[in-house]
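Worksheet: the structure to be examined is printed underneath.
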Amino acid sequence: MIGEPGKDPIMSQLLNPEAMTGARDIYSRKIKPPDRRGVYAWFFEPHKLGIRSGHYEHLIDGKALLYVGVVPSVWYSKRKLPKRIKTHISGTARQSTLRYSLGACLAEELGLMVVHLPGFKLNFGESEERLTEWICENGYVTWVCHEEPWTMEKELTSLLKPALNLKNNEVHPFYPILARRREDLRKR
């Protein structure tokens with residue numbers, strides 16, 4: 002079980018401003034997350050995504066915790082922190098729910114092109130590079146190594162209330178806004 006921020010070591014590390022690493026530092030390979038399983042939290046300036054006060058719980062140095070994830074999400078997967086975090090920074094919206102949600106918030110501003118893929122999936126084609134640059138410029142991530150991160154995903158989402166997570170977050174006030182923005186992308 003995970004405890005309250007300030008009382009639990011996992012929560013304390015995820016919310017530690019000194020542990021925040023800029024996405025550009027990871028993208029440029031200046032810093033590499035440990036090659037281990039774990040949990041991670043993404044921070045962005047909420048106003049840049051149209052997320053108003055009251056739609057986020059944790060604000061640190063002007064950046065709000067807006068997304069949490071675990072890697073791997075199942076016990077038998079070999080995925081680890083470096084590859085998953087890098088996928089969020091420079092992968093595609095098809096590979097990363099975070100990129101999909103960010104793209105839904107920034108599609109107009111960045112001029113993202115929607116490419117429909119089989120199975121109700123999409124990506125942003127050549128315009129993925131614009132989203133990568135935006136994440137490098139604006140994103141910060143923290144992480145904590147953990148041997149069984151899949152056991153914590155639901156609880157982390159419940160406790161941290163990240164606006165850009167849809168799974169296990171249906172009661173969040175930003176949920177219907179983000180769900181609608183993502184649906185609008187699928188209709189393009």
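Residues 2 to 189 in this note's numbering are what the sequence shown lists, from first letter to last.
The beta carbon of each residue, even a glycine, is placed where N, CA and C say it ideally should be.
Throw me the rounded Cβ distance for the VAL142 and ALA42 pair, which I believe falls under 8 Å.
About 7 Å separates the two Cβ atoms, so the contact holds.
What residue range does the alpha helix (DSSP H) around GLY70 cover?
That residue, GLY70, is in no alpha helix (DSSP H); its beta strand (DSSP E) goes 64-72.
For THR158, which of helix, strand or coil comes out of DSSP?
In this structure, DSSP gives THR158 a helical state, which the three-state scheme calls helix.
Which ranges would you report for the alpha helix (DSSP H) in the segment 132-181 if only whole runs of at least 4 residues count?
154-161
What is the residue span of the alpha helix (DSSP H) that LYS87 lies within?
Per DSSP, LYS87 belongs to the alpha helix (DSSP H) from 82-91.
Can you find the residues in the same chain that come closer than 7 Å, C-beta to C-beta, to LEU118, ignoring five residues on each side of it along the sequence?
Within the same chain, Cβ atoms closer than 7 Å to the Cβ of LEU118 are found at ARG95, ASN124, the five residues on either side in sequence being excluded.
Would a C-beta distance cut-off of 8 Å place ILE264 and THR22 closer than the cut-off?
The question about residue 264 has no answer, for the chain in this structure spans 2 to 189.
Here's the rule: buried if 16 or more other CB atoms are within 10 angstroms of the residue's CB, otherwise exposed. What is TYR77?
TYR77 is exposed by the Cβ-count criterion.
Output the distance between the C-alpha atoms of GLY51 and ILE178, rounded to the nearest integer angstrom.
ILE178 has its alpha-carbon roughly 10 Å from the corresponding atom of GLY51.
The beta strand (DSSP E) enclosing LEU113, as first and last residue numbers:
Where LEU113 is concerned, there is no enclosing beta strand (DSSP E), because DSSP gives it neither an H nor an E.
Could you have a look at GLY39 and say whether DSSP puts it in helix, strand or coil?
GLY39: strand per DSSP, three-state reduction.
For SER159, does the count of other Cβ atoms within 10 angstroms reach 16, so buried, or fall short, so exposed?
exposed
When DSSP builds the beta bridges, which residues end up paired with THR124?
The amino acid occupying residue 124 in the given sequence is Asn; Thr does not appear at that position. BP columns for ASN124 point to VAL116.
Could you give the C-beta distance for ILE136 and ALA20, rounded to a whole number, given that I count them as a contact under 8 Å?
About 18 Å separates the beta carbons of ILE136 and ALA20, which is beyond the 8 Å limit, so they are not a contact pair.
So VAL145 and VAL40 are supposed to be a Cβ contact under 8 Å. How far apart are they, rounded?
Approximately 5 Å separates the beta-carbon atoms of VAL145 and VAL40; this is inside 8 Å, confirming the contact.
Three-state secondary structure assigned by DSSP to LEU16:
coil
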